[in-house]
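A short write-up of the structure that comes next.
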Amino acid sequence: MSRKLVIAIEGCCHGELDNIYKQLLDRQKHINKKIDLLLICGDFQAIRNVTDLACMSCPDKYKQIGGFHRYYTGQRVAPVPTIFVGGNHEAGNHLRELYYGGWVAPNIYYMGNSGVIKFGGLRIGGISGIFKDFDYAKGYYERPPFRGHSRSSLHHARAYEAFKMLQIRQPLDIVVSHDWPQYIERHGNTDELLRKKPFFRAEVDRGELGSPVNSMLLEILRPAWWFSAHLHVRFTAQVQSQASIFGGGWNSIPPYDKCNAVAPASESNKDEI
Numbered sequence: 001m002s003r004k005l006v007i008a009i010e011g012c013c014h015g016e017l018d019n020i021y022k023q024l025l026d027r028q029k030h031i032n033k034k035i036d037l038l039l040i041c042g043d044f045q046a047i048r049n050v051t052d053l054a055c056m057s058c059p060d061k062y063k064q065i066g067g068f069h070r071y072y073t074g075q076r077v078a079p080v081p082t083i084f085v086g087g088n089h090e091a092g093n094h095l096r097e098l099y100y101g102g103w104v105a106p107n108i109y110y111m112g113n114s115g116v117i118k119f120g121g122l123r124i125g126g127i128s129g130i131f132k133d134f135d136y137a138k139g140y141y142e143r144p145p146f147r148g149h150s151r152s153s154l155h156h157a158r159a160y161e162a163f164k165m166l167q168i169r170q171p172l173d174i175v176v177s178h179d180w181p182q183y184i185e186r187h188g189n190t191d192e193l194l195r196k197k198p199f200f201r202a203e204v205d206r207g208e209l210g211s212p213v214n215s216m217l218l219e220i221l222r223p224a225w226w227f228s229a230h231l232h233v234r235f236t237a238q239v240q241s242q243a244s245i246f247g248g249g250w251n252s253i254p255p256y257d258k259c260n261a262v263a264p265a266s267e268s269n270k271d272e273i
């Protein structure tokens with residue numbers, strides 16, 4: 001009988017690869033098992049140099065080179081195979097070079113804007129970015145050098161990525177995203193979530209927490225596991241499979257108004273960084 005894979009899940013990375021790998025190696029010793037794979041759910045920040053840093057969309061107080069450049073140059077090598085999707089705070093110029101995915105450093109693989117890969121017999125799907133209704137139906141209009149709003153819009157999920165994911169014919173074991181699926185809080189302990197993050201209440205009450213696109217993909221693709229980050233809180237939910245709310249089947253893609261449920265919030269969410 002083949003050995004079961006041991007997989008570690010990291011939420012937002014924010015350039016802290018050294019700390020993450022140190023904790024993983026410590027964990028390996030503690031459990032006396034080899035960790036086979038690390039999945040990172042966005043905000044990886046594959047920053048190679050100051051040019052990449054200048055292209056990252058975030059408040060200046062959060063901008064830092066981080067540790068990725070040491071893995072990029074080969075000064076260090078990731079001790080665990082690492083796969084990640086993009087978030088909304090990335091070196092967009094770097095990741096745009098790898099739209100379809102690819103190796104950003106030895107043993108570290110980016111899944112691209114959306115896609116599926118196979119690791120150790122597992123089928124893993126990934127979709128990068130966050131949902132913004134005003135960019136969802138658009139193409140990728142951003143052009144280098146990325147300035148102003150384009151630094152942010154680079155990381156806004158597009159309908160084309162959802163359409164690509166809906167071409168999948170084989171079951172997925174895992175899907176990794178940055179944005180939570182919309183309404184996922186209704187399938188777990190919502191009260192506990194709101195105790196930890198009371199600022200989410202208004203979005204929860206309005207049904208605006210998370211991505212309607214990811215909710216649709218969850219409903220149709222039905223992976224065994226779905227991991228997300230973005231909101232900086234641990235939350236577990238269990239969703240019962242049922243007939244697709246969109247009808248059709250594997251090839252269907254909802255009309256734009258079906259995925260236009262999230263309007264720009266009038267209130268800021270200080271934990272959505």
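For the sequence shown, our numbering gives the first residue as 1, with consecutive numbering after it. Note that CB positions come from ideal geometry on N, CA and C, so glycine has one too.
query, result
"Buried versus exposed call for Phe-227 [16 or more other C-beta atoms within 10 Å across all chains shown]", "buried"
"Local conformation of Val-176 per DSSP, three classes", "strand"
"C-alpha gap between Asn-214 and Ile-220, whole angstroms", "10 Å"
"Any alpha helix (DSSP H) of 4 or more consecutive residues that is wholly inside the region 98-178", "133-136, 150-153, 159-165"
"Candidates Cys-41, Arg-76, Pro-59, Leu-38, of which the one nearest Arg-151 by Cα", "Pro-59"
"Beta-carbon gap between Phe-44 and Gly-86 smaller than 9 Å", "yes"
"Reduced DSSP category for Ile-274 - H, G, I as helix; E, B as strand; rest coil", "Any answer about residue 274 is impossible in this case: the structure gives the chain only from 1 up to 273."
"Beta strand (DSSP E) segment containing Ile-83, residue limits", "82-84"
"Beta-carbon separation (whole angstroms), Asn-88 vs His-155, contact threshold 8 Å", "4 Å"
"Reduced DSSP category for Phe-235 - H, G, I as helix; E, B as strand; rest coil", "coil"
"Reference Lys-132, options Leu-17, Gly-210, Ile-117, Gln-64, closest by Cα", "Gly-210"
"Unbroken alpha helix (DSSP H) run spanning Phe-68, endpoints", "68-72"
"Cβ neighbour criterion (16 or more within 10 Å) applied to Glu-330", "Lying outside 1 to 273, the shown extent of the chain, residue 330 is not represented and no answer is given."
"Given 8 Å, three or more beta-carbon pairs between the region 113-131 and the region 156-175", "yes"
"Segment contact, 8 Å Cβ cut-off, at least three pairs: the region 98-110 with the region 178-186", "no"
"Collapsed DSSP secondary structure at Ala-202 in the structure displayed", "helix"
"Under 9 Å between C-beta atoms of Gly-67 and Glu-16", "yes"
"Counted within 10 angstroms of its Cβ, other Cβ atoms place Phe-146 as buried (16 or more) or exposed", "buried"
"Residue span of the beta strand (DSSP E) that contains Glu-10, given as start and end", "7-10"
"Backbone CA spacing between Val-80 and Arg-27 [nearest angstrom]", "12 Å"
"Sequence-distant residues of its chain with Cβ nearer than 6 Å to Ala-224 (five each side left out)", "Asp-173"
"Boundaries (first-last residue) of the alpha helix (DSSP H) holding Leu-17", "17-31"
"According to DSSP, residues forming a beta bridge with Pro-181", "Ser-211"
"Three-state secondary structure (DSSP) of Ser-2", "coil"
"Span separating the alpha-carbon of Arg-123 from that of Leu-193", "30 Å"
"Three-state class that DSSP yields for Gly-92 in the structure shown", "helix"
"Identity of the residue in Leu-218, Glu-203, Ile-83, Asp-135 nearest Leu-38 by Cα", "Ile-83"
"Opening and closing residue of the alpha helix (DSSP H) in which Val-77 lies", "Element bounds for Val-77: n/a, residue is neither H nor E."
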